[in-house]
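Student:
2 protein chains.
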Amino acid sequence: MVRKIIVIGSGAAGMTAASSARKTDPDAEITVFTKDADIAYSPCAIPWAIEGKIAWDSVVMHTPEHYSERKGIKVVTETRVDSVDDSAKTVSVAGKTYKYDSLVIAAGGKVFIPPISGTNLEGVFVVRTVRDGKRIQSYVKEVEKVVICGAGVIGLEVAFVLSELGKDVTVVEMMDQVIPRIADSDMAVPIQEYLEGKGIKFILNAPMQSVNGFGKVSSVTAGNEEHECEMVIFATGVRANVDIPKQLGFDIGQLGGVIVSPSLQPYKDGRLVRDIFVAGDLIQCESAAVAGPTMSQLGSSAARQGAAAGKNAAGGKALYGPVSSPWVSVIGEKEIAGTGLSLGLASWYGLDAVCGKADGLTRARYYPEAKRITVKVLADAATHRIIGAQILAGEGATGRINWLTSAIMSGTTAEDFLVRAENAYCPPTSMVKDTVISAVEDLCEKLK
Amino acid sequence: MVRKIIVIGSGAAGMTAASSARKTDPDAEITVFTKDADIAYSPCAIPWAIEGKIAWDSVVMHTPEHYSERKGIKVVTETRVDSVDDSAKTVSVAGKTYKYDSLVIAAGGKVFIPPISGTNLEGVFVVRTVRDGKRIQSYVKEVEKVVICGAGVIGLEVAFVLSELGKDVTVVEMMDQVIPRIADSDMAVPIQEYLEGKGIKFILNAPMQSVNGFGKVSSVTAGNEEHECEMVIFATGVRANVDIPKQLGFDIGQLGGVIVSPSLQPYKDGRLVRDIFVAGDLIQCESAAVAGPTMSQLGSSAARQGAAAGKNAAGGKALYGPVSSPWVSVIGEKEIAGTGLSLGLASWYGLDAVCGKADGLTRARYYPEAKRITVKVLADAATHRIIGAQILAGEGATGRINWLTSAIMSGTTAEDFLVRAENAYCPPTSMVKDTVISAVEDLCEKLK
Numbered sequence: 001m002v003r004k005i006i007v008i009g010s011g012a013a014g015m016t017a018a019s020s021a022r023k024t025d026p027d028a029e030i031t032v033f034t035k036d037a038d039i040a041y042s043p044c045a046i047p048w049a050i051e052g053k054i055a056w057d058s059v060v061m062h063t064p065e066h067y068s069e070r071k072g073i074k075v076v077t078e079t080r081v082d083s084v085d086d087s088a089k090t091v092s093v094a095g096k097t098y099k100y101d102s103l104v105i106a107a108g109g110k111v112f113i114p115p116i117s118g119t120n121l122e123g124v125f126v127v128r129t130v131r132d133g134k135r136i137q138s139y140v141k142e143v144e145k146v147v148i149c150g151a152g153v154i155g156l157e158v159a160f161v162l163s164e165l166g167k168d169v170t171v172v173e174m175m176d177q178v179i180p181r182i183a184d185s186d187m188a189v190p191i192q193e194y195l196e197g198k199g200i201k202f203i204l205n206a207p208m209q210s211v212n213g214f215g216k217v218s219s220v221t222a223g224n225e226e227h228e229c230e231m232v233i234f235a236t237g238v239r240a241n242v243d244i245p246k247q248l249g250f251d252i253g254q255l256g257g258v259i260v261s262p263s264l265q266p267y268k269d270g271r272l273v274r275d276i277f278v279a280g281d282l283i284q285c286e287s288a289a290v291a292g293p294t295m296s297q298l299g300s301s302a303a304r305q306g307a308a309a310g311k312n313a314a315g316g317k318a319l320y321g322p323v324s325s326p327w328v329s330v331i332g333e334k335e336i337a338g339t340g341l342s343l344g345l346a347s348w349y350g351l352d353a354v355c356g357k358a359d360g361l362t363r364a365r366y367y368p369e370a371k372r373i374t375v376k377v378l379a380d381a382a383t384h385r386i387i388g389a390q391i392l393a394g395e396g397a398t399g400r401i402n403w404l405t406s407a408i409m410s411g412t413t414a415e416d417f418l419v420r421a422e423n424a425y426c427p428p429t430s431m432v433k434d435t436v437i438s439a440v441e442d443l444c445e446k447l448k
Numbered sequence: 001m002v003r004k005i006i007v008i009g010s011g012a013a014g015m016t017a018a019s020s021a022r023k024t025d026p027d028a029e030i031t032v033f034t035k036d037a038d039i040a041y042s043p044c045a046i047p048w049a050i051e052g053k054i055a056w057d058s059v060v061m062h063t064p065e066h067y068s069e070r071k072g073i074k075v076v077t078e079t080r081v082d083s084v085d086d087s088a089k090t091v092s093v094a095g096k097t098y099k100y101d102s103l104v105i106a107a108g109g110k111v112f113i114p115p116i117s118g119t120n121l122e123g124v125f126v127v128r129t130v131r132d133g134k135r136i137q138s139y140v141k142e143v144e145k146v147v148i149c150g151a152g153v154i155g156l157e158v159a160f161v162l163s164e165l166g167k168d169v170t171v172v173e174m175m176d177q178v179i180p181r182i183a184d185s186d187m188a189v190p191i192q193e194y195l196e197g198k199g200i201k202f203i204l205n206a207p208m209q210s211v212n213g214f215g216k217v218s219s220v221t222a223g224n225e226e227h228e229c230e231m232v233i234f235a236t237g238v239r240a241n242v243d244i245p246k247q248l249g250f251d252i253g254q255l256g257g258v259i260v261s262p263s264l265q266p267y268k269d270g271r272l273v274r275d276i277f278v279a280g281d282l283i284q285c286e287s288a289a290v291a292g293p294t295m296s297q298l299g300s301s302a303a304r305q306g307a308a309a310g311k312n313a314a315g316g317k318a319l320y321g322p323v324s325s326p327w328v329s330v331i332g333e334k335e336i337a338g339t340g341l342s343l344g345l346a347s348w349y350g351l352d353a354v355c356g357k358a359d360g361l362t363r364a365r366y367y368p369e370a371k372r373i374t375v376k377v378l379a380d381a382a383t384h385r386i387i388g389a390q391i392l393a394g395e396g397a398t399g400r401i402n403w404l405t406s407a408i409m410s411g412t413t414a415e416d417f418l419v420r421a422e423n424a425y426c427p428p429t430s431m432v433k434d435t436v437i438s439a440v441e442d443l444c445e446k447l448k
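As you go down the protein sequences, you meet chains A and B in turn. The opening residue of the first sequence carries number 1 in the working numbering; numbering runs sequentially from there. The opening residue of the second sequence carries number 1 in the working numbering; numbering runs sequentially from there.
1. Compare the Cα-Cα distances from B:ALA382 to each of B:SER406, B:LEU351, B:ALA318 and report the closest residue.
2. Specify, as a first and last residue, the run of the alpha helix (DSSP H) that A:HIS66 falls within.
3. Given this structure, state the Cα-to-Cα distance separating B:VAL375 from B:ARG3, to the nearest angstrom.
4. B:ILE54 versus chain A: which residues are under 9 angstroms apart at the beta carbon?
5. With respect to the alpha helix (DSSP H) encompassing B:GLY31, which residues constitute its N-terminal and C-terminal limits?
6. Looking at the secondary structure, which residues open and close the beta strand (DSSP E) in which A:ALA389 lies?
7. Would you identify the three-state DSSP class for A:SER219, choosing helix, strand or coil?
8. Quick one: what does DSSP say A:TYR139 is sitting in, helix, strand or coil?
9. Less than 8 angstroms separating the beta-carbons of A:LEU449 and A:VAL278?
10. Over the uninterrupted alpha helix (DSSP H) stretch that includes A:ASN402, give me the two end residues.
11. Tell me the residue span of the alpha helix (DSSP H) that contains B:CYS444.
12. Are any of the Cβ atoms in chain B nearer than 8 angstroms to that of A:ALA309?
13. Does the region 319-327 of chain A come into contact with the region 159-171 of chain A, if we say contact requires no fewer than three beta-carbon pairs (one atom in each stretch) closer than 8 angstroms?
14. Would you say A:GLY152 lies against chain B (beta-carbon separation less than 8 angstroms)?
15. Ignoring anything shorter than 4 residues, give me the alpha helix (DSSP H) runs that lie fully in the region 39-102 of chain A, in order along the chain.
16. Which two residues bound the contiguous alpha helix (DSSP H) that contains A:ALA18?
17. Return yes when the Cβ of A:VAL60 is within less than 8 angstroms of the Cβ of A:ALA88, no when it is not.
18. Give the residues of chain A in contact with B:CYS44, contact being defined as C-beta atoms less than 9 angstroms apart.
19. Here's the rule I'm using: 16 or more other beta-carbon atoms within 10 Å means buried, otherwise exposed. How should A:GLU142 be labelled?
20. Got a sec? Which residues, its chain only, sit under 8 angstroms from A:HIS249 by beta carbon, not counting five neighbours each side?
21. With a Cβ-Cβ cutoff of 8 angstroms, do B:LYS433 and A:SER300 count as a contact?
22. Give, in chain order, every residue of the region 293-304 of chain A whose Cβ lies closer than 9 angstroms to some Cβ of chain B.
23. Over what stretch of residues does the alpha helix (DSSP H) that includes A:GLU335 continue unbroken?
24. Name, going along the chain, the residues of the region 393-408 of chain A whose beta-carbon falls closer than 8 angstroms to a beta-carbon of chain B.
25. Could you round the C-beta distance between A:VAL220 and A:VAL169 to whole angstroms and report it? I think they count as a contact, below 8 angstroms.
26. Find the residues of chain A that neighbour B:LEU319, judging by a C-beta separation of less than 7 angstroms, and give them in chain order.
27. Could you pull the start and end residues of the beta strand (DSSP E) that A:SER210 belongs to?
28. Under 9 angstroms Cβ-Cβ, which residues of chain A neighbour B:PRO190?
29. Mind checking the region 317-342 of chain B against chain A and listing, in chain order, the residues whose C-beta falls within less than 9 angstroms of any C-beta there?
30. Looking only at C-alpha atoms, which of A:ILE386, A:ASN423, A:SER430, A:LEU392 sits nearest to A:GLU415?
31. Which residues does DSSP list as the beta-bridge partners of A:GLY356?
32. Under three-state DSSP, which class holds B:LYS198?
33. Cβ closer than 9 angstroms: which chain B residues qualify as neighbours of A:ALA12?
34. Within the same chain, show all residues whose beta-carbon is closer than 6 angstroms to that of A:ASP38, passing over the 5 residues directly before and after it, in chain order.
35. In terms of alpha-carbon separation, which member of B:GLY396, B:GLY360, B:GLU230 lies closest to B:LEU121?
36. Could you tell me whether the Cβ of B:GLU193 comes closer than 8 angstroms to any Cβ of chain A?
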């Protein structure tokens, strides 16, 4: 009998799940339902597409036709799944009922917009889908002053790009620093200063209070002051889209995501649900840095979860373990990356964190175009385990943050990291001692 | 009583040992004896200095004056240590005797030149010291045809640079591939092809038989054929310089290096020698990839060993563990890197290796200037532990090879690596799934 697999959602988690299921079971009947018009696109690419550096076409990795012809996967776009019946094993879509043997729920996240007035005015945008990006690109041509609400990495990437396009950009952030929560202020301040050097203004400690205007945006009120603008972009993050899991009575975690087993199955009243797998922005993960829950709403995480969920849905066996959630953002000539816990998150989890930090270069001192790099590494004062790291650099942050991620994932202590850490050396690509190692040396000194 | 520390050698190991000893004991009397004229220089930088990309001045990191004024370290250049008396705890230098409390032997390596005729002719060079490099730079101006003997990374870096300077370059190699021993042929062939595309010729499987000429070089004989040239550069590697350890009767290992404890102390008839520490190209290390000895003749290794030896010599406590010896070389637009064992080395150690391999890009597919990257990862068929990796890429090899190095150092299996591996993602710096992870996925498939 042919296995019927239904996937809800067409983001990184959903499409990877469908492909992974196909790889595991060549005969399965696989159908993806998605409310989106474009599928398999890279939301992380939207800032550069707005800038014009990459074409919109290229942001969409594959079309529904590609999946149908190459992989025998049916993708039904612009179609919302109304409900799921996990006893009958059916999904209900636009009045029709479809039977499944396994179901993957990869319904993603919902853009969070603060509950204030004026967010429905013309000139208010979010950064989530390709359509959102195209609308921003088109609308921004006619305006001068833009306010970005949210100084997370997406907000800053968009701020930089719009500033490069000649716009007058102001970033409003309710917290007291840019890239709050995941970056420490000493690592984030240089990014803010860099952007201020490009003419971008920042209003920190200022919750957005209202968007103002008649019909269209004319200003925002933030931090009790009114700021004129013609366009507002909310880059205020996503919340897990748990509509269907809630409807099904699945257990929701402390952070608002669906609680899942290592096989990515949800729970109902504490009991594992069979034949349903959940992946992507809506699940709650276990942290590798600390015994506790975390949300890992990253494209790279979604792809890994989708691969495991799809394999399991097709009768294979894959486990998804605790996460360190490494991230990297490119803002003009700067790269900022992080993994595991920041100081703020460590304190949230009740850990006493100790920091080591080092400045260095990405190439030998004398080699042309060496860029500055700062590495910060955090350890738990009690166990000396590495629990987090952040890197600010002109180049080369990604490989290094993956390296530090593997230390967190393995529960490595700072001292043990130092005994085992070696780095490749060649003047055009590195210093004789990598700054990562210098930072951990500093950390070990501080831990004494 | 002031501790007297003597260091023999002024390379990465010796100068790092001196600095590390100073950091550990602010009052010690520290003297470095070196036969070299320039100290604390970066031999790895010589190819780019020959090219003119970096200044010779900048290759020398610090002068003897710098060490004397800034660190209170006395550096005696162009002075060979004749002998050491480890009972009297003295070194004999140019007829004078100096007392030590601790001694660091960092005498480095000797350039290996094959025992053939003609190697003393005018026009024959080695690539080791700043003086060698300057002589090559000066002599090459007057010649057209250059033969490089040895297709290791230094040989290829120099070959590329001389070819860029407009010279007719031929590389002679006794093995059947470029970068033999440490790189597998499937990873090395693309480098050879790239250099052939630049006009460089290769004669493989051809031991150098003689350098020919009257007074100066006019040809070489290799692979039973004569090849005209006006200049020959030997890049045939270094051998441990064990003159002093041999004189002292220290135990020498199977690979020709001094056997040392984790504290970097040598042995004499199996017994640990007190107050002497050995670091750099002359020691034999333990491999982290396999239970066996290895030589780790890298600048980065020398610096780590020097730091530990210097600390111990000054009364501190530092251990030096097994090595994976990551390396990276930049040859024109290509980066090639490796860590742990190649297929050839694995077989030499009697391991049955299984390989995984993946091709990818260094940025998102659609992002401008994404470079190709190939990652190969080796595991031990018996234990599934990762024992080696190689990367060929247009950029970003260094951070990734350090990442894989940490897996080897921790004894991670391929399967475990996959469960724990996460990568940061941003279109300008990475794919959503890093090629390192794809290669290990392939490896896990092969291991099934």
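Where a beta carbon is used, it is the ideal one built from N, C-alpha and C, also for glycine.
Tutor: Working from what's here:
1. B:LEU351
2. 64-71
3. A direct Cα-to-Cα measurement between B:VAL375 and B:ARG3 gives close to 49 angstroms.
4. ALA364, TYR366, TYR367, PRO368, PRO427
5. Checking the sequence shown, residue 31 of chain B turns out to be Thr, not Gly. B:THR31 -> not in any alpha helix (DSSP H); beta strand (DSSP E) instead, spanning 29-33.
6. Counting along the chain, the beta strand (DSSP E) containing A:ALA389 begins and ends at 386-393.
7. Strand at A:SER219.
8. helix
9. Nothing can be reported for residue 449 of chain A, as the shown portion of chain A is limited to 1 through 448.
10. Per DSSP, A:ASN402 belongs to the alpha helix (DSSP H) from 397-409.
11. 435-447
12. no
13. At 8 angstroms Cβ cutoff, the stretches do not touch.
14. Using a CB distance cut-off of 8 angstroms, A:GLY152 does not count as an interface residue toward chain B.
15. 46-51, 56-59, 64-71
16. 12-24
17. no
18. Near B:CYS44 (Cβ distances below 9 angstroms), the residues of chain A are ALA364, TYR425, CYS426, PRO427, VAL432.
19. exposed
20. This sequence places Gly at residue 249 of chain A; His is not what is there. Cβ within range, chain order: LYS268, ASP269.
21. At the C-beta level, B:LYS433 and A:SER300 come within 8 angstroms of one another.
22. Listed in sequence order: SER296, LEU298, GLY299, SER300, SER301, ALA302, ALA303, ARG304.
23. Element bounds for A:GLU335: not the alpha helix (DSSP H) but the beta strand (DSSP E), 334-340.
24. GLY396, ALA397, THR398, GLY399, ARG400, ILE401, ASN402, TRP403, THR405, SER406, ALA407
25. Not quite, the Cβ-Cβ distance comes to about 13 angstroms (not below 8 angstroms), so this is no contact.
26. VAL419
27. 208-212
28. Result: empty, since nearest Cβ-Cβ is about 18 angstroms, beyond 9 angstroms.
29. Listed by position, the residues of the region 317-342 of chain B near chain A (Cβ gap below 9 angstroms) are LEU319, TYR320, GLY321, PRO322, VAL323, SER324, SER325, PRO326, TRP327, VAL328, SER329, VAL330, GLU335, ALA337, GLY338, THR339.
30. A:ILE386
31. A:VAL377
32. Coil, per DSSP.
33. VAL432
34. These residues qualify, in order along the chain: VAL60, VAL130.
35. Of all alpha-carbon atoms in B:GLY396, B:GLY360, B:GLU230, the one lying nearest the alpha-carbon of B:LEU121 is that of B:GLU230.
36. The beta carbon of B:GLU193 does not come within 8 angstroms of any beta carbon belonging to chain A, so the residue lies off that interface.
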